[in-house]
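This note's numbering runs 955 ahead of the 1-based position in the sequence shown.
Even for Gly, the Cβ is constructed at its ideal location relative to N, Cα and C.
Being a predicted model, the structure only gives us computed values, none of them experimental.
For reference, the structure discussed in these notes is given below.
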Amino acid sequence: MFHVSAPEKDQGTGEKKDLFHQGVISKLFPSNNMGLVRTESGREVPFSFEFVVLLGEAKKPADLSEGQEVGYDLGWTSKGLRVTTIKAYPPDLPKIEDGR
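Below, the structure written as structure tokens:
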């Protein structure tokens, strides 16, 4: 597989969360064993449950949900550009304000 480009920066802070591109699970199609990741540029890139490597909080495809922020990596396959790795992040912890 061919690595496509450098990781994009985290939108809020301008810092990278890690070495993965940042995106969102936009659609899941469990009956077809596939889904789509929306990149920061708005492109929808498909992935197959059978061939994607899951890292982080997601241990199986059922752990993914639409709207979930994820890290991902891309590769070229015989069917074109595909998401090859998905890293699910833990949910953001609520911020505690101390009132000062």
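{"query": "Out of curiosity, what's the CA-to-CA distance linking residue 998 and residue 1008?", "result": "20 Å"}
{"query": "With a floor of 3 residues, list each beta strand (DSSP E) that falls wholly inside the stretch 989-1029, ordered by position along the chain.", "result": "989-994, 999-1003 and 1008-1011"}
{"query": "Classify residue 981 as helix, strand or coil using the three-state DSSP reduction.", "result": "strand"}
{"query": "To the nearest angstrom, how far is it from the Cα of residue 991 to the Cα of residue 974?", "result": "20 Å"}
{"query": "Can you tell me whether residue 984 is buried or exposed, with buried defined as 16 or more other CB within 10 angstroms of its CB?", "result": "exposed"}
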